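Residue numbers (the UniProt record's numbering): 1 to 337. A virtual CB, placed ideally from N, CA and C, is assigned to each residue, including glycine. Keep in mind the model is a prediction, meaning the values are calculated, not measured. First up is the structure itself, then whatever we jot down about it.
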Amino acid sequence: MADEGRHSMSRRQMVGGTATLAAASLTSATAKGRETMAADSMRPEQLVDPTQNYPKPPFDKQSQPWPGLASKMSPRPDHGETTYKGSGRLAGRKALITGGDSGMGRAAAIAYAREGADVAINYYPTEEPDAQEVVALIRAEGRQAVAIPGDLRDERFCQQLVAQALDALGGLDIIVNNAARQQTRQSILDVSSEDFDATMKTNIYAPFWIIKAALPHLKPGSAIIGTSSEQAYDPSPDLYDYAQTKAATMNYVKSLAKQLGPKGIRVNAVAPGPIWTPLQVSGGATMEKLEKFGGQTPLGRPGQPAELGSIYVQLAAADASYANGQVYGSSGGAGQP
Ligand code: NAD
Ligand code: MG
1 MADEGRHSMS
11 RRQMVGGTAT
21 LAAASLTSAT
31 AKGRETMAAD
41 SMRPEQLVDP
51 TQNYPKPPFD
61 KQSQPWPGLA
71 SKMSPRPDHG
81 ETTYKGSGRL
91 AGRKALITGG
101 DSGMGRAAAI
111 AYAREGADVA
121 INYYPTEEPD
131 AQEVVALIRA
141 EGRQAVAIPG
151 DLRDERFCQQ
161 LVAQALDALG
171 GLDIIVNNAA
181 RQQTRQSILD
191 VSSEDFDATM
201 KTNIYAPFWI
211 IKAALPHLKP
221 GSAIIGTSSE
231 QAYDPSPDLY
241 DYAQTKAATM
251 NYVKSLAKQL
261 GPKGIRVNAV
271 APGPIWTPLQ
281 VSGGATMEKL
291 EKFGGQTPLG
301 RPGQPAELGS
311 IYVQLAAADA
321 SYANGQVYGS
331 SGGAGQP
């Protein structure tokens, strides 16, 4: 590989000069092997310019019926399918992720499986094609994948979801309340009571129902993670109902962190900025906003779900045991407090 060539060159330069090279040739083969192994594990990462590594606006006009499929987006979002590398940070853990079929939920599911966790994902039934891709990715890691489709706006379903995940995985110790409904409406006059209700049910009631159902089964060391948003702090005019649910998410996370901290259960949130996901192309953004999506951030592009996978890992991992009641932003440089 070109990389290895470049690397051995830099090692030679490090030991320096012909005399040193001759002396080095006298070292035993074993020592050389050890050196190579150590050098490989320390191979310098290529520097990645965050303004150049992912697609930028303008984006193609596109629209899908809610809730949309990642597999039909152009360009297809990157959830870390070919890039996320695990290192056993969540070995043996058992996670339930809502909205695990696409977007941030899929990025978390892939990362969790590669870190050694078994993963149950929930999604809306019409998202089966996206969900099956995630199931295959989890199983490719030798981890257990459980697919539980259903509508989170229904309390009884939320209870069944937790029961099924507990049963299939033999327990739960990570709960990621990530699913959400976002529909742009230019005016509050365009927000129907049905709209308002659906947004509240999906974004606020579902986490409430899921946490209540899961809590009796969560042991000390477990983690609950919510997905908030930069909308919690800097709401867009066309996201009246959605934005207030994201502020509420930030708030419930901080409340529960105080309530559950003494029980050894940590509660944190991730607050993304503009991320390229089906949410945005299935009614979440106007076409005008979509074409320029993420262009206003200091990085000049939207984030990709893959860029947030490691944050969901970090908040769940046992070595982050003092992170409780925290909101971890990932917004490309603007929109956070
Ligand atoms: P996404 O469309 O990939 O994920 C949202 C998921 O919510 C869907 O896949 C769907 O499975 C689930 N869902 C919605 N309503 C449901 C229902 N009634 N029943 C069952 N499942 C339902 O989009 P995403 O952007 O990855 O969204 C994930 C989280 O990220 C959401 O909480 C969203 O608010 C948050 N977020 C997104 C952005 C962004 O720009 N994309 C920015 C900030 C926060
Ligand atoms: Mg989806």
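Considering just the uninterrupted stretch of the alpha helix (DSSP H) at residue i, what are its terminal residues?
i	result
leucine 96	Where leucine 96 is concerned, there is no enclosing alpha helix (DSSP H), although the beta strand (DSSP E) it sits in stretches over 94-98.
arginine 143	Taken as a continuous stretch (DSSP letters only), arginine 143 belongs to no alpha helix (DSSP H), as it is neither H nor E.
glycine 103	103-114
serine 310	309-316
residue 368	Here the chain has residues from 1 to 337 only, and residue 368 is not among them.
Does the beta carbon of residue i fall short of 7 Å from some heavy atom of ligand 2?
i	result
glycine 103	yes
glycine 171	no
glutamate 81	no
glutamate 133	no
glutamate 128	no
Please report how far the alpha carbon of residue i lies from the alpha carbon of residue j, in whole angstroms.
i	j	result
methionine 287	alanine 91	42 Å
lysine 263	tyrosine 312	21 Å
isoleucine 148	alanine 165	8 Å
proline 150	proline 44	Per the sequence shown, the amino acid found at residue 150 is glycine instead of proline. The alpha-carbon atoms of glycine 150 and proline 44 are separated by roughly 45 Å.
tryptophan 66	leucine 239	16 Å
phenylalanine 196	glutamine 46	46 Å
cysteine 158	leucine 172	15 Å
threonine 30	serine 87	Its pLDDT being 46, under 50, threonine 30 is placed unreliably in this model, and the coordinates cannot settle the point.
isoleucine 174	glycine 329	20 Å
proline 57	alanine 168	42 Å
lysine 201	leucine 315	25 Å
aspartate 234	leucine 308	20 Å
glutamine 326	glutamate 194	32 Å
glutamine 62	asparagine 122	25 Å
aspartate 154	alanine 206	8 Å
isoleucine 225	phenylalanine 59	31 Å
glutamine 231	arginine 114	30 Å
alanine 198	tryptophan 209	15 Å
glycine 303	serine 255	28 Å
alanine 120	serine 236	33 Å
alanine 107	glutamine 186	30 Å
arginine 143	glutamate 291	38 Å
histidine 217	alanine 306	30 Å
serine 28	leucine 299	Note that serine 28 scores 47 on pLDDT, short of 50, meaning its location in the model is unreliable; the coordinates nonetheless yield the value given after this. In a straight line, the C-alpha of serine 28 is about 49 Å away from that of leucine 299.
Does the Cβ of residue i have 16 or more other Cβ atoms within 10 Å, making it buried, or fewer, making it exposed?
i	result
aspartate 130	buried
asparagine 53	exposed
isoleucine 188	exposed
serine 321	exposed
valine 134	buried
alanine 334	exposed
residue 340	Outside the displayed range of the chain (1 to 337) lies residue 340, so it cannot be described from this structure.
glutamine 183	buried
proline 274	buried
lysine 219	exposed
proline 272	buried
glycine 5	Confidence in glycine 5 is poor, its pLDDT being 33 and thus under 50, which makes the residue's placement too unreliable to answer from.
aspartate 118	buried
leucine 21	At leucine 21, the pLDDT of 33 sits below 50, so the modelled position is not reliable; the number obtained from the coordinates is stated separately. So leucine 21 ends up on the exposed side.
valine 48	exposed
serine 331	buried
serine 222	buried
alanine 99	Inspection of the sequence shows that residue 99 is occupied by glycine rather than by alanine. Per the 10 Å Cβ criterion, buried.
threonine 83	exposed
lysine 94	buried
alanine 145	buried
aspartate 241	buried
What do you reckon, is the C-beta of residue i under 7 Å from a heavy atom of ligand 1?
i	result
proline 235	no
alanine 179	yes
alanine 138	According to the sequence as given, residue 138 is isoleucine; it is not alanine. The answer is no for isoleucine 138.
tyrosine 123	yes
glutamate 273	According to the sequence shown, residue 273 is glycine rather than glutamate. Result yes, Cβ under 7 Å from ligand 1.
alanine 74	It should be noted that the sequence gives serine, not alanine, for residue 74. No.
leucine 90	no
leucine 279	yes
proline 207	no
glutamine 182	yes
lysine 289	no
glycine 68	yes
serine 229	yes
Please confirm whether any heavy atom of ligand 3 lies closer than 7 Å to the CB of residue i.
i	result
glycine 99	Ligand 3 is not part of the structure shown, which contains ligand 1 and ligand 2 as its ligands.
Can you tell me where the beta strand (DSSP E) with residue i in it begins and where it stops?
i	result
tyrosine 242	Taken as a continuous stretch (DSSP letters only), tyrosine 242 belongs to no beta strand (DSSP E), being part of the alpha helix (DSSP H) at 240-260.
residue 339	The question about residue 339 has no answer here: the residues shown for the chain are numbered 1 through 337.
aspartate 234	Unbroken run through aspartate 234: none, as it is neither H nor E.
alanine 271	266-272
Are the C-beta atoms of residue i and some chain B residue less than 8 Å apart?
i	result
tyrosine 328	No chain B appears in the structure shown, which is made up of a single protein chain.
- prompt: Can you find at least 3 beta carbon pairs, one from the stretch 238-252 and one from the stretch 39-59, that sit closer than 8 Å?
  reply: Look at the beta carbons and you see the stretch 238-252 not touching the stretch 39-59: under three pairs across the two are nearer than 8 Å.
task: Could you say if the stretch 76-85 and the stretch 45-52 meet the contact criterion of at least three C-beta pairs nearer than 8 Å?
output: No contact exists between the stretch 76-85 and the stretch 45-52.
message: Taking 8 Å as the cut-off, does the stretch 137-152 touch the stretch 57-73 (at least 3 CB pairs, one atom from each stretch)?
response: At 8 Å Cβ cutoff, the stretches do not touch.
- request: Assess, as a yes-or-no matter, whether the stretch 92-103 is touched by the stretch 271-287 under the definition of 3 or more beta carbon pairs within less than 8 Å.
  value: Yes: at least three Cβ pairs fall under 8 Å.
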